[in-house]
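Colleague:
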RNA sequence: GUCCCCAUCGUCUAGCCUGGCCUAGGACGCCGGCCUUUCAAGCCGGCAACACGGGUUCAAAUCCCGUUGGGGACGCCA
């Protein structure tokens, strides 16, 4: 059996979006599953729209997601001579012809056809003109077969049959000398030894156009697998108006790469009822027979749930590392003012159960890492009242002698105050919480105090008392 | 308009190929309860789907045909 070779071939015209990442992921999984090669190829034959920044964004996005490639990135713009040579070959063999219709003329004719409700395909008026060396700007068109059928055996959708009569004579070389997608993709897939073309559903109609090109060039035809589209909530193609579509945006919103990857792999693929997959799991279990053939709606809530799961399950140390940039973004200074007992890592276990994203988690972590802490005035108004001040004050005083400063030693002190002042835990814990963290929600109150340590606990209690007094 | 693809809870899906085990399972979300020092988490429970119509068959979510609906493509973009 020959080695599996697949590729992800994005055009560098913008950021890497979730649909692209999923295509890359499925290719990568298939390669890893079969011990094959995953190749990254940049399809930048449109020199007007391709940018280096976009290439960098794609590369960074894939790296962030943990997808590594075995070859590339190859850039088609560096292989232009190759495509021109092959195009020339097709012309010499009568499989291609020069077309002098201008883009404007073509556009006009398309509009007319549309208005009349006719087929939009090229009318073939240059097909039999036999132009050999046109003086005016000319594009080279592939002479597509017009009779019979082209059958594509798709690994996901099964047999797809097309009447060749609907095939366009597609342009393979632009009048500026640059190849078009359909030519370069066929040549590269063949020369790079691609065995399986795994790409989005939006390419199914390209398959019957490319198959004859493979054949005309005397290349073996690869196998095809067309992945279902990812749709927005209104079932139209996923776009910006449905919310974030770029991988970078999810990174910035505090999603773990593993969570996004896990979400994406389940969008169109399943393995029984399993929802959570380690990378190892995905590689071991991935197969096309359980790839869905219908489109899927992107569901941000489920992604968020998965993200929370990964935050909960992740190693504290790793979560702390991932969290750091988000903390810094919120003003935390590494050499900062407060050193929590045990560092960020010590705080992580107490917040990981609650956080849905790293952004949220960073925000909740701040009270343990910075001083002074921001006070939520609404919370202060509600809980830091003159009525509770005496109890708070009593607690602040008594806590000064507590040693060591742990739940076990703090609990009796607090319980005694509850008894003396006829308070329920709930009535006292909330004001205490607001005093210590500046907000109404936090980990358990004893955990909060342990995290802060005695000095900071007292300092914040005193500040809260001042706040009430003023 | 033409061509291609698709169709199970709101969403992701299992089941479909190899009809009966399906009074259709799981997950997210939603609703309710429990737990509780807050917010979460967790646990328990609930709502909720085989698009429609014909066939085939003793039997259809599963096979066939049609209808409807949705998506995609129709570029000197990829």
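In the numbering used here, the protein residues as written are 23 to 492.
For each residue, glycine too, the CB sits at the ideal point set by N, CA and C.
1. Starting from the N-terminal side, write out each stretch of the beta strand (DSSP E) that is 3 residues or longer and does not extend beyond the segment 88–152.
2. When you compare only the Cα positions, how much space is there between residue 447 and residue 326?
3. Which of the three DSSP states, helix, strand or coil, is assigned to residue 201?
4. Measuring CA to CA, which of 329, 159, 59 is closest to residue 198?
5. Assuming the contact rule is C-beta atoms closer than 8 Å, residue 67 and residue 202 should be a hit. Round their C-beta distance to whole Å, please.
6. Classify residue 161 as helix, strand or coil using the three-state DSSP reduction.
7. With C-beta atoms as the reference, is residue 27 less than 7 Å away from residue 216?
8. Give me the residue from 243, 85, 119 with the minimum Cα distance to residue 150.
9. Using three-state DSSP, classify residue 39 as helix, strand or coil.
10. Taking the alpha-carbon positions, what's the residue 24 to residue 211 distance?
11. Whose C-beta lies closer than 6 Å to the C-beta of residue 99 among residues of the same chain, with five residues either side of it excluded?
12. Where do the N-terminal and C-terminal ends of the alpha helix (DSSP H) with residue 435 fall, by residue?
13. Restricting to runs no shorter than 4 residues, where is the alpha helix (DSSP H) found entirely within the segment 269–308?
14. Grab me the residues of residue 223's own chain with a C-beta within less than 8 Å of its C-beta, minus the 5 sequence neighbours each way, in chain order.
15. Got a sec? Which residues, its chain only, sit under 7 Å from residue 228 by beta carbon, not counting five neighbours each side?
16. My understanding is that residue 230 touches residue 189, with C-beta atoms under 8 Å, so please give their C-beta distance in whole angstroms.
17. Report the three-state DSSP secondary structure of residue 64 (helix, strand or coil).
18. Helix, strand or coil for residue 249, going by three-state DSSP, please let me know.
19. Determine which residues share a DSSP beta bridge with residue 218 and list them.
20. Determine whether the beta carbon atoms of residue 467 and residue 455 lie at a separation below 7 Å.
21. Would you mind giving the Cβ-Cβ distance between residue 176 and residue 236, rounded to the nearest angstrom? I have them listed as a contact below 8 Å.
22. To the nearest angstrom, how far is the alpha carbon of residue 473 from that of residue 353?
23. In chain order, what residues of the same chain have a beta carbon less than 7 Å from the beta carbon of residue 179, not counting five sequence neighbours either side?
24. Mark residue 382 as exposed unless 16 or more other C-beta atoms lie within 10 angstroms of its C-beta, in which case mark it buried.
25. Take residue 411 and list the residues in its own chain whose beta-carbon comes closer than 8 Å to its own, dropping the five residues that flank it on each side.
26. Please classify residue 313: does DSSP put it in a helix, a strand, or coil?
27. Are residue 279 and residue 234 closer than 7 Å when you measure CB to CB?
28. Indicate whether residue 80 and residue 29 have their beta-carbon atoms separated by less than 7 Å.
29. Closest to residue 415 by CA distance: which of 391, 392, 482 is it?
30. Just mark residue 218 as buried or exposed, buried being the case when its beta carbon has 16 or more other beta carbons within 10 Å.
Modeller: According to the structure shown:
1. 93–97, 118–121
2. 33 Å
3. strand
4. 159
5. 7 Å
6. strand
7. yes
8. 119
9. strand
10. 15 Å
11. 66
12. 429–442
13. 269–274, 279–288, 301–307
14. 248, 249, 250, 251, 317
15. 204
16. 6 Å
17. strand
18. strand
19. 245
20. yes
21. About 15 Å; that fails the 8 Å criterion.
22. 20 Å
23. 248, 315
24. buried
25. 487, 490, 491
26. strand
27. no
28. no
29. 482
30. buried
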